[in-house]
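Just so we're aligned: the sequence shown equals residues -28 to -1, 1 to 735 in mature numbering (1 follows the signal peptide of the UniProt record, and there is no 0). A virtual CB, placed ideally from N, CA and C, is assigned to each residue, including glycine.
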Amino acid sequence: MKSTSRLTRFAALLLALFLIVPAASVGAATAAAGTAGGKTDSFDYFKDAYPSLKNADGHVFKTATYEDLVTLFKSEGTFAILFGGAWSAETQADIGYINETAKAYGIQTIYNFDPKLDGKSLDIADSKSKYAHYYVDLVNKYLTNLTTIANKSDNNVSYAKDGAAVTASKIQAPFLFVYNKDNKNGSASAPIIASLEKHGSAEGTTYDASYFASADKAAAYKAQVQAVLGKVPAADYDALTSWEFIGNAFNQTFWSENPKYDPATGGTDKKVTIFTKGVDNYDVFEHVTYDQLTRILQSEGNYVFLFGGSWCPNTQADIRFIGEYAKKHGVDKIYLWDTKLTAGVDVASSTHPHNNEELQVRANNHEFAKLYGDLASTYLTNIKTQNKLATPPAQITYVNDAGQTVKADRLQVPYLFAYNKSNLNADGTKAPILGHVELMYSWTGTSSNVDPAYVFGSGIADGFNHKSLTQALDALYGRVEAVPAALTGIAPTAAGASDGEILGATGKLLEYKAEDAPESAYQASNGEPIKNLAAGSYSVRYAAKNGYQGPVTTPEKLPKAPATAAYEAGQAVTITVPQTSAAAFEDVAASAWYSQAVNYLSARGITGGTDATHFSPNAELTRGAFIVLLLKAYGVEEAAAGADNFVDAGSAYYTGYLAAAKQLGIATGDSDNRFNPNQSITREQLFTLLYRTLKTLDQLPAPSTQATLASFGDANLVAGYAKEAVEALVSGGILTGSDGKLNPQGVTTRAQAAQVLYNLLAK
């Protein structure tokens, strides 16, 4: 459970906020509660690479790297797989029809592997390639019953081993097949259940989209696709998750390299697990191919990338914490690219599963070093690395497409960075990298150990490296967008007052000034809300900050604080803090005890009236209205029409939110499946719904007071269903009661709630 004073105050603030109607009040609270340093984007590779999928209503394809493909082939289950790439006119022609057929049949995932590992010319399914053994060994180990149009004797892929040729049938793209490693034909292994290579042996093997000018040809091809996919019921197809591709992949590789650290082994040695299933945040990461990577780097948006691999001891050390802090900051997607295009996997080897360096393109004078070099020189133009600061700088030498021998700055892995191709510094210079972390820690070393509890001695704090890493991650995730987004100016409480705010700044490393003030007037917000503002226009931008990199040891082999590399401030946006314009409610007299509170909230857009001229201060809050406010405050969207719901959910503004609350277990209703949304909500009902929401979102505060439910004189009035919730909120310091009582069955008027909220916000 999380335990911070800010969370406790925020929960109390929400508790008061939820008593206000209408739902328009929630937007400001949601923005104020933000913790991310901006919004990151996701990229749909298939819509970008295949025009026939660009306007499709969804598609079933997921890329598979070489490492992912081996994981698939070794896994239990039945999978649909497509060999081919965007470079192939035939794949371009067919993929839209494959998608239509698969979706109509009910298949959700088809894995796409491109044997051209760079998406262009590095073809492992070509005998002329020195890397053909990656294809041949893969086919001979896993696709043992492969049959192709050009059979093994007519056209194969081969390489020489110990003076003899090792061959495999050559697959031509597109090659669609259904795979299950345990499938048999009689007693013989037959992992390929069904397949379709191009349009079959009876058709030509060279064509493009013009082939389907006739609707009959399209229908015929879709029938062929259905015949393949239909060999297995749609419900029997499987898909792997980030656990198999990332979490377990890192665990197994680490343990194969360091068997004494494997929890499955005996002995007294310390045990290390990189990712724990269902606990750690491996789902943040997504493997990308080289072609996928370059397309993302060319696209507009805010992205976070990690260069590294499961074979790398330093990536193994950092990646769990990279994922943990990404989630902490609201970053839910990190694209993971391996500088070893095969992840070092050699399926013919019986030893270290990732020890092959042949396709490590981040290597000096490698045949394909230009792949790495082009990334650095074309996209990562403001790259900062530890190697760049060496004397002389460590660089990668390669031959570019123009035949020139050139150099590129060499990064080390893991290299984590935030990126926006269009980002400009405050002075207008291009700076696509927004920040980076390049720290070489380990689980097995001494001075480099990243364990949070590692004891260094010699006056060094326990867990020194872990703290250094997490501080660096906080700084990186404090800015993951080019310019500040989702900022909202909130008016001061009265004309001439200076208590206006800019919401949405929490967790972002911003600085701000009055728009017409000089550059020297910028002041840092340090991730905190921007407050105490007069009405007017303000320039807000991301502040200058540091990236973090090695060295991480001293000559005495003790840990040392990381070196820093400066990133300049970004471009500014203009945010207007509006003039105060409180609503004039006919039923809120200037002399009323709640008038200042109502004026404060309405001026800031936190609440409105029940109609244009009335606030209805004595009206009670309903159960349905509270659910809407509760879910909106936490960013939970309403469920789609037709979702399972309460029988009395009806068709109202709260209907979809009731369904969402039911699905999440926040709202349970009564034994007749009724929620009674139009009934006034009691305090204990409100406490229960708030408790369930905090528990669902893992945001319950830890006990912080000695108070218990028994501390209150009316504890016996708390219903059985609400006792757990009230006990937790009391011990967490959220509920303090009044005059020694909780009044669990009482209701709250809008005026009372406005005053409570005003007391919290105006502090």
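Close Cβ partners of residue i (< 6 Å) along its chain, the five nearest in sequence each way excluded
{"i": "Asp90", "result": "Tyr262 and Leu343"}
{"i": "Ile474", "result": "Leu459, Gly461, Ile502 and Ile547"}
{"i": "Phe85", "result": "Ala36, Leu41 and Phe55"}
{"i": "Asn337", "result": "Thr369"}
Whole-angstrom distance between residue j and residue i, CA atom to CA atom
{"i": "Ile164", "j": "Pro424", "result": "46 Å"}
{"i": "Pro87", "j": "Leu406", "result": "33 Å"}
{"i": "Val333", "j": "Thr119", "result": "33 Å"}
{"i": "Ser228", "j": "Asp304", "result": "29 Å"}
{"i": "Val549", "j": "Gly542", "result": "21 Å"}
{"i": "Ser509", "j": "Ala515", "result": "18 Å"}
{"i": "Ile121", "j": "Ser101", "result": "21 Å"}
{"i": "Ile638", "j": "Lys299", "result": "22 Å"}
{"i": "Ser130", "j": "Ala140", "result": "6 Å"}
{"i": "Ala341", "j": "Lys480", "result": "37 Å"}
{"i": "Asn645", "j": "Ala621", "result": "10 Å"}
{"i": "Val150", "j": "Leu115", "result": "11 Å"}
{"i": "Gln727", "j": "Trp565", "result": "9 Å"}
{"i": "Thr627", "j": "Gly641", "result": "14 Å"}
{"i": "Pro93", "j": "Lys19", "result": "Position check: residue 93 holds Ser in this sequence, whereas Pro was assumed. Cα to Cα, the separation comes out at about 22 Å."}
{"i": "Pro589", "j": "Ala506", "result": "29 Å"}
{"i": "Asn152", "j": "Ser497", "result": "55 Å"}
{"i": "Ile268", "j": "Glu330", "result": "25 Å"}
Closer than 8 Å: residue i CB and nearest the ligand FMN heavy atom
{"i": "Thr708", "result": "Of the ligands one can find in the structure shown there are none, so the ligand FMN has no counterpart to examine."}
For residue i, the first and last residue of its enclosing beta strand (DSSP E)
{"i": "Gln521", "result": "Lys517 to Gln521"}
{"i": "Gly508", "result": "Gly508 to Tyr514"}
{"i": "Tyr106", "result": "Element bounds for Tyr106: not the beta strand (DSSP E) but the alpha helix (DSSP H), His105 to Tyr114."}
{"i": "Gln635", "result": "Not the beta strand (DSSP E): Gln635 falls in the alpha helix (DSSP H), residues Thr627 to Leu636."}
{"i": "Lys485", "result": "Leu482 to Ala486"}
{"i": "Phe277", "result": "Tyr275 to Phe279"}
{"i": "Val378", "result": "Thr377 to Asp381"}
{"i": "Ala136", "result": "Ala136 to Ser141"}
Any chain C beta carbon closer than 9 Å to residue i
{"i": "Ala315", "result": "Although the question refers to chain C, the structure presented lacks it and comprises just one protein chain."}
Test item: CB-CB of residue i and residue j under 9 Å
{"i": "Tyr60", "j": "Pro146", "result": "Per the sequence shown, the amino acid found at residue 60 is Ser instead of Tyr. Result yes, Cβ atoms of Ser60 and Pro146 sit closer than 9 Å."}
{"i": "Ala206", "j": "Tyr83", "result": "no"}
{"i": "Tyr277", "j": "Leu388", "result": "Correcting the residue identity first, residue 277 is Phe in this sequence and not Tyr. Yes, Cβ-Cβ distance for Phe277 and Leu388 is below 9 Å."}
{"i": "Tyr307", "j": "Val260", "result": "yes"}
{"i": "Phe647", "j": "Ala697", "result": "no"}
{"i": "Glu453", "j": "Asn274", "result": "yes"}
{"i": "Ala694", "j": "Pro673", "result": "no"}
{"i": "Glu48", "j": "Val317", "result": "no"}
{"i": "Gln367", "j": "Lys379", "result": "yes"}
{"i": "Ser321", "j": "Asn328", "result": "yes"}
{"i": "Tyr484", "j": "Arg513", "result": "yes"}
{"i": "Asn561", "j": "Ser567", "result": "The residue you asked about is not Asn; residue 561 is Ala in the sequence shown. Yes, these two residues count as a Cβ contact at 9 Å."}
{"i": "Phe217", "j": "Ile246", "result": "no"}
{"i": "Asp109", "j": "Val371", "result": "no"}
{"i": "Gly281", "j": "His326", "result": "yes"}
{"i": "Gly519", "j": "Ala537", "result": "yes"}
Proximal residues to residue i (C-beta, below 7 Å), its chain only, five neighbours per side dropped
{"i": "Tyr69", "result": "Ala190, Tyr193, Lys194 and Val197"}
{"i": "Ser430", "result": "Leu530"}
{"i": "Ile79", "result": "Val32, Ala52, Leu201, Ala206 and Tyr209"}
{"i": "Ala(-18)", "result": "Because Ala(-18) carries a pLDDT of 44, less than 50, the predicted location of this residue cannot be relied on, and the following value inherits that uncertainty. Within the same chain, Ala(-18) has close Cβ partners Leu666, Pro673 and Ile706."}
{"i": "Val204", "result": "Thr50, Val150 and Ile165"}
{"i": "Val(-8)", "result": "For Val(-8), the pLDDT reaches just 35, beneath the cut-off of 50, and the residue's location in the model is therefore unreliable, although a value from the coordinates is still provided. Within the same chain, Val(-8) has close Cβ partners Leu593, Ala597 and Arg722."}
Same chain, Cβ closer than 8 Å to residue i, neighbours up to 5 away in sequence not counted
{"i": "Ser643", "result": "none"}
{"i": "Val719", "result": "Glu592, Leu593, Ser652, Ile653, Thr654 and Arg655"}
{"i": "Ala104", "result": "Ile96, Ala97, Asp98, Val129, Ser130 and Tyr131"}
Start and end residues, alpha helix (DSSP H) containing residue i
{"i": "Gly472", "result": "Here Gly472 belongs to no alpha helix (DSSP H); instead the beta strand (DSSP E) covers Gly472 to Leu475."}
{"i": "Trp227", "result": "Asn220 to Glu229"}
{"i": "Glu410", "result": "Per DSSP, Glu410 belongs to no alpha helix (DSSP H); it is in the beta strand (DSSP E), Ile405 to Glu410."}
{"i": "Asn71", "result": "Ala61 to Tyr77"}
{"i": "His259", "result": "Per DSSP, His259 belongs to no alpha helix (DSSP H); it is in the beta strand (DSSP E), Phe257 to His259."}
{"i": "Gln288", "result": "Pro285 to Lys300"}
{"i": "Asp40", "result": "Tyr38 to Lys46"}
{"i": "Thr536", "result": "Counting along the chain, Thr536 falls outside any alpha helix (DSSP H), though it belongs to the beta strand (DSSP E) covering Ala535 to Tyr539."}
{"i": "Val200", "result": "Ala187 to Leu201"}
* Three CB pairs or more closer than 8 Å across the segment 255 to 274 and the segment 433 to 442 -> Verdict: no, contact absent.
* **the segment 64 to 71 touching the segment 11 to 27, judged by at least three CB pairs closer than 8 Å** => Output reads yes: the segment 11 to 27 touches the segment 64 to 71.
* **Meets three-Cβ-pair contact criterion under 8 Å: the segment 397 to 413 and the segment 286 to 293** => By the Cβ criterion, the segment 397 to 413 is in contact with the segment 286 to 293, since at least three pairs of Cβ atoms, one from each stretch, lie closer than 8 Å.
* Are at least three pairs of beta-carbons, each pair with one atom in the segment 678 to 685 and one in the segment 709 to 726, less than 8 Å apart? -> Yes, the segment 678 to 685 is in contact with the segment 709 to 726.
* Can you find at least 3 beta carbon pairs, one from the segment 628 to 644 and one from the segment 611 to 619, that sit closer than 8 Å? -> Contact between the segment 628 to 644 and the segment 611 to 619 is present: three or more C-beta pairs spanning the two stretches fall below 8 Å.
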